[in-house]
Each structure stands twice: as C-alpha cells, then as structure tokens.
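According to this note's numbering, the residues represented by the sequence shown are -14 to 107, in order. Each residue gets a CB set at the ideal place from its N, CA and C atoms; glycine is no exception. As the structure is a prediction and not an experimental result, all values here were calculated from the model. Remarks on the structure that follows.
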Amino acid sequence: MVNGKRGTTMSKNIMNIDGYRAVITYDPEIEMFRGEFIGLNGGADFYGRDIESLKREGAISLKVFLEMCEEDGVNPRKEYSGKFNVRLPGELHREIAIAARAEGKSLNKWIADKLARELNAG
C-alpha cells in the first residue's frame, strides 16, 4: 500500500497495483505496453495493449510473484540500505557543499531533502 491507497493508480509512467509500483514502457516491435514491477526481490513483468489489460495482467503477474515468494519464505520487497554513491564533477560537489553549509545542513541531509522535494513535486 502506498499513501494509504489500494487498487490501481497511474502517474507519469508508473502504475501502482495494490501498493506495488511498475514502470510502464511501450514496445513498438510488438505494439504493446510493458509493465515491470520495481523494488521486488525478483522479476515480475506483464504486457497489455491498453490500460485495462495492463491492470488485469499486472494484477495476475503480481499475484503469481507474491504466491511464489510466500511458498519460498521470501520477502517480496527488495530491502534498500539507504546508501548509494554518486559521482559528480568536483565543482558541483563544491557548490552543493557550500549550499548545504549555508542552510546549516550536512551534505547528506541537504541532498536527501532535495531528492524528497523533487519526488513530491511530481
């Protein structure tokens, strides 16, 4: 469940099916949309020619994936450590460090705040 919502919702190219998110792309070779669930401990994808078929096929794919996880005793959601490395030009690093210091924040806090704001703006 995301933001207390269940069922299927869509924003930009992200479809939310029962609290699990899938990235939607179009495959011109087969003239179908493809959905791929993200943040899972394995692969689960689905195809459809329109939104309704994507919803239906996505729900089926997710159900099968979740059943397999339950049978195997595996947490279906991928765990994230909260750490990742970012490579950027030295000058940009310096400017970010100055901006963070000017706001009285650590570099990590400043970047985390900016990323959270960007996600919430979409």
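Here alanine 29 has Phe22, Ser46, Leu47 and Phe50 as same chain residues with Cβ atoms under 7 angstroms from its own Cβ, once five neighbours each way along the sequence are excluded. When the beta-carbon positions are compared, leucine 92 and alanine 106 stay at least 7 angstroms from each other. Assignment of arginine 62 by DSSP, reduced to helix, strand and coil, places it in the strand class. Taking 7 angstroms as the cut-off, the Cβ atoms of arginine 19 and tyrosine 32 count as close. For the pair isoleucine 2 and glycine 27, the CB atoms are not nearer than the 7 angstroms cut-off. When only Cα atoms are considered, glutamate 55 and arginine 79 end up about 47 angstroms apart. Taken through DSSP and simplified to helix, strand or coil, leucine 77 comes out as helix.
Boundaries cannot be given for alanine 29, as no beta strand (DSSP E) includes it and DSSP labels it neither H nor E. In the displayed model, glycine 43 falls within a helix according to three-state DSSP.
Residue pairing from DSSP places methionine 17 in a beta bridge opposite Asp12. Secondary structure of asparagine 105 (DSSP, three-state): helix. If you look at asparagine 1, you'll find it in the beta strand (DSSP E) that goes -1 to 2.
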